[in-house]
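One structure below.
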Amino acid sequence: MSETLEDCRKRLLFRSWHRGTREIDLLFGSFADRHVPSFDADQLAAYDRLLAEEDPDLWDWVVGGVEPRPGHDPAIIALLRQFRFKEASA
Numbered sequence: 033m034s035e036t037l038e039d040c041r042k043r044l045l046f047r048s049w050h051r052g053t054r055e056i057d058l059l060f061g062s063f064a065d066r067h068v069p070s071f072d073a074d075q076l077a078a079y080d081r082l083l084a085e086e087d088p089d090l091w092d093w094v095v096g097g098v099e100p101r102p103g104h105d106p107a108i109i110a111l112l113r114q115f116r117f118k119e120a121s122a
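Residues in the sequence shown are numbered consecutively from 33, following the working numbering.
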């Protein structure tokens with residue numbers, strides 16, 4: 033049975049918030065909340081491939097400015113690098 037786009041979005045949102053490293057949880061979770069609902073099927077697949085990577089590599093690619101391994105969508109990496117977490121004020 034094939035996964036629907038909505039189910040894929042839910043899975044990616046969950047995986048983004050439950051990475052295992054708090055810094056990555058905050059960065060990728062808040063990024064996913066903002067962008068995953070509007071991603072098309074190709075963007076969802078690219079983001080899914082990115083989430084398969086280890087947290088230290090993701091951190092280096094997004095925050096450290098290290099170039100990711102070939103095969104990752106440069107547009108998704110650029111979105112992550114431009115994204116800034118903004119905590120809602122009470």
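Positions of the beta carbon are idealized from the N, C-alpha and C atoms, including for glycine.
Supposed close pair Leu44, Ala64 - CB separation, criterion 8 Å: 6 Å between Cβ atoms; contact.
Val98 burial status per 10 Å Cβ neighbour count (16 or more: buried): Classification of Val98: exposed, given that the 10 Å Cβ count is below 16.
Grab me the residues of Arg41's own chain with a C-beta within less than 8 Å of its C-beta, minus the 5 sequence neighbours each way, in chain order. So the qualifying residues of the chain are Val68, Pro69, Phe71 and Leu76.
Nearest-angstrom Cα distance between Gln114 and Arg101? Taking the straight line joining both Cα atoms gives about 19 Å.
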